[in-house]
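Notes follow once the structure below has been shown.
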Amino acid sequence: MSRKLFKFKGGVHLSEHKAESNARPLHAAPLPGKLVIPLRQHIGNPAKPVVEVGERVLKGQMIGAADGYISAAVHASSSGIVTAIGPAAVPHISGLPDLCITIETDGRDEWIAHAPLDYQAMAAADLRMKLRDMGIAGLGGAVFPSAVKLDPGAAHSCPTLIINGGECEPWITCDDMLMRNRAGEILQGVAVMRHLLGSTEILVGIEDNKPEAIAAMQAAAQSLDFAVEVVAVPAIYPAGGAKQMIETLTGKQVPSGKLSTDIGIQVFNVGTAYALACAVHHGEPLISRLVTVTGHVLRPQNFEVLIGTPMHTLITLAGERDDSTGALMGGPMMGMPMPDLEVPVVKATNCILVKSNALFPPLPKALPCIRCTRCADVCPAELQPQELFRFAKTGDFGRAQEYHLFDCIECGCCSYVCPSHIPLVDFYRYAKSEIWAREKEKRAADLARERHEFREFRLAREKKEKAEKLAAKAQAARTQAGLDQAKRAELPAAPAPELATAPSDADAKKALIAAALARAQAKKAEVAPKNTDHLLPATQREIEEIEARRAKIHELARQPLESEEKKP
Amino acid sequence: MLTAILVMVVLAVTVGLVLGWSAVRFKVEGNPLAEKIDAILPQTQCGQCGFPGCRPYAEAIAKGEADINQCPPGGEEGIKKLAELLGVEPKPLDEAHGAPKPKSVAFIDEQLCIGCTLCIQACPVDAISGAAKQMHTIIAAECTGCELCVAPCPVDCIAMVPIAEDLPHWKWKYPVIELKRVA
Ligand code: SF4
Ligand code: SF4
Ligand code: SF4
Ligand code: SF4
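These protein sequence lines map, in sequence, to chains R and B. The opening residue of the first sequence carries number 1 in our numbering; numbering runs sequentially from there. The opening residue of the second sequence carries number 1 in our numbering; numbering runs sequentially from there.
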């Protein structure tokens, strides 16, 4: 049975460079002496440390707990002593440090007690929470917590489940090796996904340049008690993009600004399915993954690597060579240059691509855009990259968004074909992050406005309540006085009312004024700063300036309220 | 002829009714221009513009009583946006109102705080928590960095700390690309 396939628009043919690393067998990388495990390895809230410095931890023990719904836990990849919890270098292009837990391993690699999950007997929500606590996140690159994606939500089921074995970026072969060597386990993970999502159609998409992987997966699919269709898709970059894989296999397009689940499709990477199988069938949290080490090394190959292993250890294992010019995490199209090679392998690390000038010559200098629209021809998201570039360059972010900047998957096809060698994707990333930052600022400003308005309202209310209390007191006094007078004038009862109220009204007013005065005086006494002795002239001046500003504000702020108070 | 006139009359009346109704139904509350200006102002509520908060300044601009270059936290970018909104030329920030500073949050040295509550009374956005005679703390996420709490503190234990760049706040920089000279 062969399936009718569809073609997504655009894309480019790239030289594959897969043979370098997929010819050698898969090896487990040796246990390093030190593991550095970042707490922010997934999209969403970073995990919260739950161990202390000096504590002994076991392999698979949770060291960072998930914080909130969109989050995932992190675990010790081997047994040892926690030596530090603090900022350390992480694999991020900025080179900024982030919170990490450092473990000095003891070489015993001692597992914490763990047992398989009886997933079919568990409530779906409990199973998802369990997966979140086992740190399962998407291993295809985006590292989105899988527990969230495994929740079909209000739809109650997700009819189509796509397992993505595309791996379309050149050089990377870790998914290929995983499918060749562990096809059975991958499909066990798929069974769990199917169970949680209630999917009826399961498709595995693999690029046709990986015949061994296709054969292995097809063989494994034979022995399942449910139907899995393994489909070979044409190798064209970026066929492994989630939206592109959906379109190739089903002909459906995910509408702009929507999720694939909105059209009843969920996509997982093969690595994620494997991690899920380990979690459910062996009770093992996500503490290792396959990593391709390739490019300018002596023996390009794939390793099974503990999360937290320094990248440099792997490069040494694969045979470091002279005149390398740094490394990318990921492939040549979408990979990120690493600020230093001691950073640890994280859940998102699929490939360490060591560069050299011979393999990756520096880009020629950029020329102005000649509006040839070659970029638009290859854009798989059907965007107008040349327009996006123009808007991002001039800071016209509103227009960039109108041109669907956020549909850009940063695949790099446009930069690849641009005859002017413009680093287009860098401009889109810059524009996106500017827009996010501004939105954040806007939200902060809205919050401040709200809080300020509430404070104004609260102050006015407090003032009014005080005044009302005083008035009530005065009223009570007045009635008392009236009674007294009535008592005194018991026999000639007639003239009481007018005589009684007139003076007590004046009394109430007097009381009010006295109270207000006392309040004002108290306030004055309170506000007088007591730290004005022995100040430097500069500090004194600063204080005076601020005081003047404050006085002015207070004066201005008081005006409307006081006039209000005078009214009644 | 008569039908044509009738049709036109009926049309005119209906349209008039609809317009009249929508004028009442969708009446814009408050001053829409001040509202729009307020949306641009940074809401630091610091009073450096000479008004007790952003909203009064926005109203003053809307009435033409204040210039657009008096808000240091908004900086040049804020002025540019205001100028765009009002259709006037942007101008440089009026130095008399202060210079823009890197965004900071207040930090209370909790060892020194005597719990006098003066800072709470000064904070325009209620971002300080604490009760009388108790140690006080700044809720950093809600602090706008207005500095109004610094001066009133009798024991000088509030400092403004600039926000350091960290991973969640990191932004992609504008790409520096070497352009090739074309003669
Ligand atoms: S390919 Fe490059 S030069 Fe051509 S239109 Fe796109 S950005 Fe401009
Ligand atoms: S990087 Fe974005 S704009 Fe460029 S081709 Fe890919 S999806 Fe299109
Ligand atoms: S100077 Fe301060 S109070 Fe005035 S508008 Fe700007 S942020 Fe608001
Ligand atoms: S003004 Fe200073 S001493 Fe008083 S409560 Fe605030 S921080 Fe503490």
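Where is the CB? At the ideal position from N, CA and C, for every residue including glycine.
task = Please find out if some non-hydrogen atom of ligand 4 comes closer than 7 Å to the beta-carbon of residue 278/R.
result = Relative to the non-hydrogen atoms of ligand 4, the Cβ of residue 278/R never comes closer than 7 Å to any of them.
inquiry  = Against chain R, does residue 126/B count as a neighbour if the rule is that its beta carbon must be under 8 Å from one of theirs?
reply    = Under the Cβ distance rule, residue 126/B counts among the residues neighbouring chain R, one pair being separated by less than 8 Å.
request  = Identify whether residue 438/R lies in helix, strand or coil by the three-state DSSP scheme.
outcome  = helix
query = Can the beta-carbon of residue 366/R be found less than 8 Å from the beta-carbon of residue 420/R?
reply = yes
ask   = Say the cut is 7 Å; is the CB of residue 394/R nearer than that to a heavy atom of ligand 1?
value = Not under cutoff, so the answer is no.
7 Å Cβ cut-off: residues of chain B touching residue 445/R = 42 and 43
Which listed residue (136/R, 159/R, 92/R and 141/R) has its alpha carbon closest to that of residue 148/R = 136/R
task = Go ahead and label residue 92/B buried or exposed: buried means 16 or more other beta carbons lie within 10 angstroms of its beta carbon, across all protein chains shown.
result = The residue in question, residue 92/B, is exposed, as its Cβ has fewer than 16 Cβ neighbours within 10 Å.
request  = Just confirm the distance between the C-beta atoms of residue 104/B and residue 145/B, as a whole number of angstroms; I'd bet it's less than 8 Å.
outcome  = 5 Å
ask   = Just the Cα atoms here: how many angstroms apart are residue 170/R and residue 333/R?
value = 8 Å
request  = On a CA-only basis, which of 390/R, 411/R, 352/R and 360/R is nearest residue 379/R? Give me that one, please.
outcome  = 411/R
query = Who's in the neighbourhood of ligand 2, going by beta-carbon under 7 Å from any heavy atom, listed in chain order?
reply = 10/R, 375/R, 378/R, 379/R, 380/R, 381/R, 383/R, 385/R, 388/R, 408/R, 409/R, 410/R, 411/R, 412/R, 413/R, 414/R, 415/R, 424/R, 425/R and 428/R
query = Any idea what DSSP makes of residue 170/B, helix, strand or coil?
reply = Coil at residue 170/B, not helix or strand.
ask   = For residue 303/R, which beta-bridge partners are listed by DSSP?
value = 27/R and 291/R
query = Under 8 Å between C-beta atoms, does residue 94/R make it to chain B?
reply = yes
7 Å Cβ shell around residue 36/B - same chain, five flanking residues per side excluded = 85
query = Does the distance from the C-beta atom of residue 105/R to that of residue 31/R stay below 8 Å?
reply = Result yes, Cβ atoms of residue 105/R and residue 31/R sit closer than 8 Å.
ask   = So with Cβ pairs under 8 Å, would you call residue 171/B a contact of chain R?
value = At a cut-off of 8 Å between C-beta atoms, residue 171/B counts as an interface residue with respect to chain R.
ask   = With a CB to CB cut of under 8 Å and the five nearest residues on each side skipped, what residues in its chain are close to residue 241/R?
value = 166, 168, 380, 409 and 411
query = Can you list the residues of chain B that residue 69/R reaches, using a CB-CB cut of under 9 Å?
reply = Going along chain B, no residue has its Cβ under 9 Å from residue 69/R, so there is no contact; the nearest lies around 18 Å.
key: Coil, strand or helix - residue 120/R by DSSP   = coil
message = I need the boundaries of the beta strand (DSSP E) containing residue 104/R, first residue and last residue.
response = 97 to 105
message = Given this structure, state the Cα-to-Cα distance separating residue 232/R from residue 194/R, to the nearest angstrom.
response = 21 Å
task = With a 10 Å radius around its C-beta and 16 neighbouring C-beta atoms as the bar for buried, classify residue 164/R as buried or exposed.
result = buried
Same chain, Cβ closer than 6 Å to residue 198/R, neighbours up to 5 away in sequence not counted = Non-local beta-carbon contacts of residue 198/R in its own chain, meaning distances under 6 Å to residues more than five positions away in sequence, involve 157 in chain order.
key: Alpha-carbon to alpha-carbon, residue 8/R and residue 87/R   = 43 Å
ask   = How many angstroms separate the CA atom of residue 524/R from the CA atom of residue 150/B?
value = Only weak support exists for where residue 524/R lies, its pLDDT of 45 falling under 50; the coordinates are left without a value.
For residue 180/R, three-class secondary structure by DSSP = DSSP, reduced to helix, strand and coil, places residue 180/R within a helical segment of the structure shown.
query = Got a sec: does ligand 1 put a non-hydrogen atom nearer than 7 Å to the Cβ of residue 419/R?
reply = Between ligand 1 and residue 419/R, a heavy atom-to-CB distance of less than 7 Å is present.
ask   = On the three-state DSSP scale, how would you describe residue 207/R?
value = strand
inquiry  = Distance check for residue 466/R and residue 500/R, CA to CA, integer angstroms please.
reply    = The predicted position of residue 500/R is uncertain, since its pLDDT is 43 and thus under 50; no value can be drawn from it.
key: Pair within 8 Å by beta-carbon distance, residue 118/B and residue 153/B   = yes
inquiry  = Below 7 Å, is the gap between the Cβ of residue 263/R and the nearest heavy atom of ligand 1?
reply    = no
ask   = What does residue 142/B reach in chain R if we use C-beta pairs closer than 8 Å?
value = 447, 448 and 451
ask   = Cβ of residue 53/B versus every heavy atom of ligand 3: is any distance shorter than 7 Å?
value = yes
inquiry  = Within 8 Å of any Cβ in chain B, is that where the Cβ of residue 429/R sits?
reply    = At least one C-beta of chain B is nearer than 8 Å to the C-beta of residue 429/R.
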